[in-house]
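Working notes, structure below.
Numbering (full-length UniProt numbering), first residue to last: 1 to 141.
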């Protein structure tokens, strides 16, 4: 089931955010993610966040600011089971256009977004980490 984030969910959602970032972005220091943990909790409460819940347990979430996808995060044990696609399709039903940034070294995520109809618009640099990234976009047909 997909529903909006509740304040009571914030610790579980933030844990998924931290664990996923550390595992997926092995090329960025774990300390970088840990140092942003409290700030991200605050930002999550300000963004539009939809959680995927199964048996009263949050398995993943997607964060949006207007048309911008802040991120899709799925708990480690539930990855590759279609939850990211379900969350993405849910927000595709709410927006005509979606934009996101993805690290160029995160080839698995790039492949996922391309399979879901996103196209690379241009290459950039994430100032905070010094890592190259892509801006990708999806448009409702």
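Ideal placement from N, C-alpha and C gives every residue a C-beta, glycine not left out. Only a predicted model underlies this, so the values are computations on that prediction, with no experimental measurement involved.
{"Item": "Assign residue 76 to buried or exposed, taking buried as 16 or more other Cβ atoms, counted over all protein chains shown, within 10 Å of its Cβ.", "Value": "exposed"}
{"Item": "Residues in the same chain with beta-carbon distance under 7 Å from residue 146, minus the five sequence neighbours each way, listed in chain order, please.", "Value": "Here the chain has residues from 1 to 141 only, and residue 146 is not among them."}
{"Item": "Is the region 36-46 close to the region 93-107, with three or more CB pairs under 8 Å?", "Value": "no"}
{"Item": "Could you tell me the alpha carbon to alpha carbon distance between residue 127 and residue 52, rounded to whole angstroms?", "Value": "31 Å"}
{"Item": "Residues in the same chain with beta-carbon distance under 8 Å from residue 97, minus the five sequence neighbours each way, listed in chain order, please.", "Value": "67, 137, 138, 139 and 140"}
{"Item": "Tell me, which residues are paired with residue 4 by DSSP?", "Value": "50"}
{"Item": "Which residues in the same chain have their Cβ closer than 6 Å to the Cβ of residue 5, if we skip the five residues on either side of it in sequence?", "Value": "49 and 51"}
{"Item": "Give me, in chain order, the residues of the same chain whose beta-carbon lies closer than 6 Å to that of residue 69; leave out the 5 immediate sequence neighbours on both sides.", "Value": "98 and 100"}
{"Item": "Is DSSP giving residue 128 helix, strand or coil here?", "Value": "coil"}
{"Item": "Is residue 55 helix, strand or coil when you go by DSSP?", "Value": "coil"}
{"Item": "Distance check for residue 13 and residue 61, CA to CA, integer angstroms please.", "Value": "7 Å"}
{"Item": "Can you name the start and end residues of the beta strand (DSSP E) that residue 92 belongs to?", "Value": "Segment 83-92 is the alpha helix (DSSP H) holding residue 92; no beta strand (DSSP E) there."}
{"Item": "With 16 other CB atoms within 10 Å as the buried threshold, where does residue 88 fall?", "Value": "buried"}
{"Item": "Look at the Cβ atom of residue 129, then the Cβ atom of residue 16, and state whether they are nearer than 8 Å.", "Value": "no"}
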